[in-house]
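See below for the structure under consideration.
2 protein chains.
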Amino acid sequence: MTITITAFESSPDRGRGLARDFRVRWALEEVGQPYDVRLVSFKTMKEPAHLALQPFGQIPTYEEGGLALFETGSILFHIAERHPGLLPHDADARARAITWMFAALSTIEPTVVEREMAFFLEREETWYSQRLAMIEERIRKRLMELSTWLGDAEWLDSAFSAADILMVTVLRRLESSGLLDEYANLAAYIARGKARPAYQRAFEAQLAVFTAGNT
Amino acid sequence: MTITITAFESSPDRGRGLARDFRVRWALEEVGQPYDVRLVSFKTMKEPAHLALQPFGQIPTYEEGGLALFETGSILFHIAERHPGLLPHDADARARAITWMFAALSTIEPTVVEREMAFFLEREETWYSQRLAMIEERIRKRLMELSTWLGDAEWLDSAFSAADILMVTVLRRLESSGLLDEYANLAAYIARGKARPAYQRAFEAQLAVFTAGNT
């Protein structure tokens, strides 16, 4: 069955792999599954046809036959259940990898997104520098805890998994902040993710959409 | 195998069912699994023994034989995979329920938590009322989208599932805000969750910890 995902017609990140469809592209490349992409405008995302697939008016969505999913965690899990390579076979190792999928999205990502939202909504406010300092203190705490957990390990829990796709893409949203410079092992972890051929194919595919729309 | 979870020795919510161990208690009550509780102090949560189970120094954790998990989404999923009653059998309905588990934790909870964090960290700041208004505008948008999705349905996606445990407990954190009053179907949805016998047993069990520690 054909897999169709949605992505930004014009990505705010200018094709740098930060929009969330990238996670789904990367996962599909890891397992060697082809997919179609339907590009949506910001206007289209708020219209009934898209809201029926994604009630919060966001991308990506995932369609396969009569099934429609959203939330990158859920989409990656769905792909991982159907194709080898994204979750360990051993039951305990699999449960731990799923824990780390949720940790990336529930424990790390919210503070990273709060920093981005503050930039969009508060950067002209008199309090912005104080707020940014408060947010970054909380991000540093999380990064230190994550760095301590990771230590010298290659991936979050032994083998590469869908959790690493989520965590690397969440951490990448901090690349321009300088916050990652304080944690050499996290920077190396991100670099390992980016060096994977599947990551690079997904990156080229996402960038091609932006390039095509801006030539 | 004995299941052991961790919970606050002295819960900041005074036993009102808002601490995150409540979600795990509720899920275990739904499937009729007994469990032990190990109470941890705020000091204990930051010590190496707890950090080995939960690298971010939080509760709850879940131990079963040699397996140790954290993140309520992951723990609920683990329980749901092993016992009937928390995820549909039909593959597509199951995938949709998992989507809603992630939606509760990735799309709804972060803004709810941001409101709580602003209260803790910013309520003495001159900008607090402006910030609160900005956060509540974003929460209202999410609640409206969720309310539209839910409509007259009883649960998020046909049958009651682990996603409803997560969504109801996330929404309950807004009960004192007044924000839920604007969405009658969401208030009724929360009430349906609270009326379940398993919810009530979990609530009594969590409240008993607080009461025992404060007599």
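From first to last, the protein sequence lines are chains C and V. Mapping to numbering that gives the first Met the number 0: the first sequence position 10 is 9, numbers consecutive. Mapping to numbering that gives the first Met the number 0: the second sequence position 125 is 124, numbers consecutive. In this text, a Cβ means the ideal position worked out from N, Cα and C, and glycines have one as well. Note that the structure is predicted; figures quoted are calculated from it, not measured.
Span of the beta strand (DSSP E) holding V:Ala6?
2-7
Is any beta-carbon of chain C found at less than 9 Å from that of V:Gly141?
In the sequence on display, residue 141 of chain V carries Arg and not Gly. Interface residue, yes.
For V:Glu135 and V:Arg114, which I take to be in contact (beta-carbon distance under 8 Å), what is that distance rounded to the nearest angstrom?
7 Å
If the cut-off is 7 Å on Cβ atoms, which residues from the stretch 70-89 of chain V count as contacting chain C, listed in chain order?
Glu70, Gly72, Ser73, Phe76, His77
Quick one: list the residues of chain C neighbouring V:Gly65, beta-carbon separation under 9 Å, in chain order.
Asp91
Going along the chain, which residues of its own chain have a beta-carbon closer than 7 Å to the beta-carbon of V:Ser201, five neighbours each way excluded?
Reading the sequence as shown, one finds Ala at residue 201 of chain V and not Ser. Same-chain partners within the cutoff: Phe21, Arg24, Trp25, Glu28.
Could you tell me which residues DSSP pairs with V:Val39 in its beta bridges?
V:Phe7
Is DSSP giving C:Glu136 helix, strand or coil here?
helix
Is the stretch 34-47 of chain V touching the stretch 84-99 of chain V in the sense that three or more CB pairs, one from each, lie closer than 8 Å?
no
Relative to the alpha-carbon of V:Glu80, which residue among V:Ala190, V:Asn213, V:Val39, V:Ser160 has its alpha-carbon at the smallest distance?
V:Ser160
Is the CB-CB distance between C:Pro54 and C:Phe69 below 9 Å?
yes
Quick check: the Cα distance between V:Leu106 and V:Ser146, rounded to an integer number of angstroms?
Looking at the sequence provided, one finds Thr at residue 106 of chain V rather than Leu. So the alpha carbons of these two residues sit roughly 14 Å apart.
I need the straight-line Cα distance from V:Ser157 to V:Asp151, nearest angstrom please.
11 Å
Could you please tell me which residues of the stretch 149-169 of chain C, in chain order, have their CB closer than 8 Å to any CB of chain V?
none
If we count the other Cβ atoms within 10 Å of its Cβ and call it buried at 16 or more, is V:Pro196 buried or exposed?
exposed
Just by C-beta distance, which residues in the stretch 9-40 of chain V are closer than 9 Å to chain C?
none
Backbone secondary structure at V:Ala51 - three-state DSSP
coil
Less than 9 Å between the beta carbons of C:Leu52 and C:Thr5, yes or no?
yes
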